[in-house]
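In what follows, a structure is listed as structure tokens, so that the remarks can point back to it.
Encoded structure:
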């Protein structure tokens with residue numbers, strides 16, 4: 001690809017990918033629809049499995065002994081098939097969206113800055129243990145599904161390998177860098193910012209911010225600082 005002058009910071013969110021140049025790539029609504037359908041089919045599978053256990057004289061939640069096979073009805077086979085079909089459909093929709101947005105970002109920008117991702121930590125269970133039960137488990141599980149649905153790890157991977165092919169530069173900043181809480185106008189950093197807060201006003205300079213756009217601008221500035229030799233902003237592994 002020919003060299004271009006564009007440079008961009010990329011902020012990955014569960015609902016959309018936001019770029020410092022103002023472009024937004026919304027997660028396809030179709031993915032949400034397919035995810036809901038998949039959960040419905042999975043519930044149907046669980047009901048049919050429970051019914052099969054009852055027909056064997058077991059309780060609905062009983063664990064099968066080693067060597068004991070569950071009778072599989074035609075209805076259960078159909079339910080399994082539906083889960084597989086909707087899973088494949090969602091994967092194709094996600095793959096198409098990911099390829100289109102990553103090639104668009106790489107084609108238009110010579111320098112691409114993004115946060116280092118730790119998807120395993122982002123999607124860890126909030127259930128905890130019997131001694132230390134987790135909190136907000138339902139909300140965390142919903143966030144986990146959204147992260148996996150968007151495919152953050154795959155988007156980052158595609159940006160990196162496509163950038164290599166196109167002769168672009170990708171720079172990663174520390175995932176703990178306060179990109180959302182830092183005012184991109186004056187540098188003031190908020191002490192806290194809840195996930196539900198989408199707009200905020202800097203108490204120091206009065207600048208109004210869209211949370212995600214502000215984060216993407218900060219990511220770009222941090223990335224450019226790293227390329228200029230600012231070691232303090234590099235990724236800490």
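In the UniProt record's numbering, the protein residues as written are 1 to 237. C-beta: ideal position from N, C-alpha, C; glycine also. Since we're looking at a predicted model, the values are computed, not measured.
Check, Outcome
"Using 10 angstroms around the beta-carbon of residue 77, count the other beta-carbons present and answer buried if the total reaches 16, otherwise exposed.", "exposed"
"Buried or exposed for residue 88, going by 16 or more other Cβ atoms inside 10 Å?", "exposed"
"So the candidates are 61, 37, 170; which of them puts its Cα closest to the Cα of residue 80?", "37"
"Any contact of the stretch 192-199 with the stretch 153-163, i.e. 3+ C-beta pairs under 8 Å?", "no"
"Given this structure, state the Cα-to-Cα distance separating residue 64 from residue 86, to the nearest angstrom.", "28 Å"
"So, residue 173 versus residue 104, is the Cβ gap smaller than 8 Å?", "no"
"Consult DSSP for residue 212 and reduce its assignment to one of helix, strand or coil.", "helix"
"In or out: residue 13 buried (at least 16 other Cβ within 10 Å) or exposed?", "buried"
"In its own chain, which residues sit with a C-beta less than 7 Å from the C-beta of residue 4, not counting the 5 before and 5 after it?", "108, 109, 110"
"Return yes when the Cβ of residue 202 is within less than 8 Å of the Cβ of residue 180, no when it is not.", "no"
"Taking only the alpha-carbon atoms, compute the straight-line gap between residue 97 and residue 69 and give it to the nearest angstrom.", "41 Å"
"Could you tell me which uninterrupted alpha helix (DSSP H) segments, each at least 4 residues in length, are contained entirely in the stretch 28-55, listed from first to last along the chain?", "29-55"
"Which same chain residues end up closer than 6 Å to residue 143 when comparing Cβ atoms and leaving out the 5 residues on each side of it in sequence?", "Legend: pLDDT at residue 143 = 48, less than 50; position of this residue unreliable, no value from coordinates given."
"My output table needs one value for residue 147: the three-state DSSP class, helix, strand or coil.", "With a pLDDT of 49 at residue 147, under the threshold of 50, the predicted position of this residue should be treated as unreliable, and no value is reported."
"Mapping the DSSP letters down to three states, classify residue 25 as helix, strand or coil.", "strand"
"Would residue 35 and residue 220 be called neighbours here (beta carbons separated by less than 8 Å)?", "no"
"The beta strand (DSSP E) with residue 199 in it runs from where to where?", "199-201"
"Going by C-alpha to C-alpha distance, which of 84, 112, 59, 154 sits closest to residue 99?", "154"
"What residue from 11, 21, 67, 102 has the CA that sits closest to residue 166's CA?", "102"
"Express the C-alpha separation of residue 51 and residue 57 in angstroms, rounding to a whole number.", "10 Å"
"For residue 99, would you say it is in contact with chain B, using Cβ-to-Cβ distances shorter than 8 Å as the test?", "The structure shown contains no chain B, having only a single protein chain."
"According to DSSP, simplified to helix, strand and coil, what is residue 113?", "strand"
"What does the alpha-carbon distance come out to for the pair residue 95 and residue 204?", "42 Å"
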